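Q: One structure follows; several queries about it will come next.
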Amino acid sequence: MPDMRFAPPNPLRIADRASGLNALSVRSYNERLVLSLLLQNQDISRMEIGERTGLSAQAVSVIVRSLEQEGLVAKGEAQRGRVGPPTFPVSLNPGGAYAVGVSFGFRRTEVVLIDFVGRLRFQTVLASTLLDACDDGTALLGAVTQAAAALPPDLRGRIAGIGLAIPEGQAPADASTNGGTGLAELRRRIEQALGLPVFVQNDITAAAGAESLFGVARSLNDYLFFYLGARLHSRLILNHQIYHGNSGLSFEVGVLNLERELARAGGPTDTLWERASDWPDLGSVFEAWRESCTERLRQSIAALSQFVEVRTIVLSSFIPAAVCRLLCDDLKQALPDIEALASSVGNRPKAVGAASLPFSSRFMVE
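If you want it as structure tokens, here you go:
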């Protein structure tokens with residue numbers, strides 16, 4: 001079994017720090033504790049940091065000052081209006097750290113660069129997948145190198161690592177079964193070329209992690225996460241921990257099913273997989289698909305509710321945001337007691353989730 005560094009199945013666990021670390025290494029547990037809080041909260045005072053971490057005021061002051069000097073956090077504008085001196089909220093410095101994410105999708109591979117608050121700084125798409133026999137990894141290595149080079153030379157030392165989001169059901173250490181370059185070899189080549197640690201995670205779990213760190217689920221402790229891709233997948237999040245079970249269960253109500261039905265009816269299918277702002281009018285086929293998606297979501301929530309009380313669901317996808325919002329509205333009508341939220345991460349949630357892996361693994365605590 002090759003030596004592989006794995007990112008955690010949840011966004012609050014420290015990964016192996018034995019090798020491949022650069023100057024961005026966080027030195028103490030308490031520093032990681034403060035960064036964990038800032039990754040999931042924005043603009044909080046030092047007093048709030050102390051209250052929520054249990055650290056003394058002096059310890060918080062020392063840690064925040066140290067992180068400011070490293071450029072990882074920034075002090076906001078003075079908050080006045082209360083008795084005593086003004087307070088200064090603390091938040092992550094967007095340019096304090098960066099990460100590259102790679103998502104091996106159903107029909108293409110996406111490569112992104114994000115900053116410390118999850119904003120896209122670079123994105124590109126490759127017309128290949130993890131198992132393509134014709135791909136020896138050169139194109140992917142070139143895209144990852146291009147993503148890193150999107151930063152000015154003086155900022156490239158702030159890249160915390162590279163995350164790979166692999167397809168559901170694909171074992172992390174699998175080599176390609178079709179003669180292409182295996183994942184372990186890709187990881188080795190990337191680490192060798194860029195001198196950065198590579199973290200690996202299942203793509204649906206990575207997307208859920210992105211929503212927890214950067215999206216509408218940032219303030220949620222417990223919710224049910226759905227990813228609508230070629231198929232429909234889910235994850236359960238309890239107290240910020242992402243549970244994916246061991247069955248790899250998914251449902252055939254995804255975009256692949258819509259494509260088949262449209263093709264059967266002679267409708268347009270060419271825009272379904274594009275990261276477009278909207279789809280064209282797909283008529284009755286779309287309405288039937290929309291109804292089947294809502295019903296499958298309803299059934300999944302009902303099944304889980306026999307064991308765990310779920311009040312909030314988050315729907316993530318690469319499809320147009322307007323379609324996600326329609327499905328959430330349909331679900332609210334079907335289940336009035338459920339709060340259904342469309343993702344706010346954008347239309348590349350798996351790639352952003354992959355890029356979040358170095359952050360969660362290197363700057364957060366369990």
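Taking UniProt numbering, the leading residue of the sequence shown gets 1, the next gets one more, and so forth. Glycine included, every Cβ here is placed at the ideal spot set by N, Cα and C. Remember, predicted model here, so these are calculated numbers, not experimental data.
Please give the ranges of any beta strand (DSSP E) in the UniProt domain "HTH marR-type" (31-80), keeping only runs that are unbroken, at least 3 residues long and fully inside the region.
A: Qualifying beta strand (DSSP E) stretches, in chain order: 73-75.
Q: Excluding the five sequence neighbours on either side, which residues of its own chain have a C-beta within less than 7 Å of the C-beta of Thr294, listed in chain order?
A: For the purposes of this step, residue 294 is taken as residue 294 along the sequence shown, with counting starting at 1. Only Leu327, Asp330, Leu331 and Ala334 meet the Cβ criterion.
Q: According to DSSP, is Val112 helix, strand or coil?
A: Numbered from 1 along the sequence shown, position 112 holds the residue referred to as residue 112. Reduced to three states, the DSSP call for Val112 is strand.
Q: Check the DSSP bridge columns for Thr138 and list the partner residues they point to.
A: Mapped onto the sequence shown, residue 138 falls at position 138. Thr138 is not bridged to any residue.
Q: Find the nearest neighbour of Phe307 within the set Leu282, Ser284, Leu224 and Phe214, judged by alpha-carbon distance.
A: What you label residue 307 is simply residue 307 of the sequence shown in a count that begins at 1. Closest by alpha carbon: Leu224.
Q: Just mark Ser343 as buried or exposed, buried being the case when its beta carbon has 16 or more other beta carbons within 10 Å.
A: Taking the sequence shown and counting its residues from 1, the one referred to as residue 343 is at position 343. Under this definition Ser343 is a buried residue.
Q: Suppose the cutoff is 8 Å on Cβ atoms and the five residues either side in sequence are ignored; what does the same chain contact list for Ile166 look like?
A: Taking the first residue of the sequence shown as position 1, residue 166 is located at position 166. Closer than 8 Å at the Cβ level, and outside the excluded window around Ile166, lie Phe104, Leu130, Pro172, Leu183, Val200, Gln201, Asn202 and Asp203.
Q: Return the CA-CA distance between residue 367 and Leu194, expressed in angstroms with no decimal places.
A: With the chain represented from 1 up to 366, any question about residue 367 goes unanswered, as that position is not in the structure.
Q: Going straight from the alpha carbon of Ser292 to that of Val253, what length do you get?
A: Locating residue 292 in the sequence shown gives position 292, counting from the first residue. Locating residue 253 in the sequence shown gives position 253, counting from the first residue. Cα to Cα, the separation comes out at about 7 Å.
Q: Quick one, which of Leu126, Gly101, Ile319 and Ala127 has its alpha-carbon nearest Leu120's?
A: Taking the first residue of the sequence shown as 1, we reach residue 120 at position 120. Cα-wise, what sits closest to Leu120 is Gly101.
Q: Are the beta-carbon atoms of Glu110 and Leu67 separated by less than 9 Å?
A: In the sequence shown, counting from the first residue as 1, residue 110 sits at position 110. In the sequence shown, counting from the first residue as 1, residue 67 sits at position 67. Cβ distance not < 9 Å, so Glu110 and Leu67 don't count as in contact.
Q: I'd like to confirm the pairing. Which residues does DSSP put opposite Glu339 in its beta bridges?
A: Indexing the sequence shown from 1 puts residue 339 at position 339. According to DSSP, which records beta bridges pairwise, Glu339 is partnered with Thr312.
Q: Can you give the Cα-Cα distance for Ser356 and Ala276, rounded to whole angstroms?
A: In the sequence shown, the residue the question calls residue 356 occupies position 356. In the sequence shown, the residue the question calls residue 276 occupies position 276. Ser356 and Ala276: Cα-Cα distance of roughly 24 Å.
Q: Should Tyr29 go down as buried or exposed, given a rule of 16 or more other Cβ atoms within 10 Å for buried?
A: Within the sequence shown, residue 29 is the residue found at index 29, counting from 1. By the neighbour-count rule (16 or more Cβ atoms within 10 Å), Tyr29 is not buried but exposed.
Q: Note down, in chain order, each residue of its chain lying with its Cβ closer than 6 Å to the Cβ of Asp154, except the 5 sequence neighbours on either side.
A: Position 154 of the sequence shown, counted from the start, is the residue given in the question as residue 154. Taken in chain order, the list of residues that qualify is empty.
Q: Reducing DSSP to helix, strand and coil, say where Arg362 ends up.
A: Indexing the sequence shown from 1 puts residue 362 at position 362. Residue state, collapsed to three classes: helix.
Q: Take Leu238 and list the residues in its own chain whose beta-carbon comes closer than 7 Å to its own, dropping the five residues that flank it on each side.
A: Numbered from its first residue, the sequence shown carries residue 238 at position 238. Excluding positions up to five away in sequence, the list reads Asp222.
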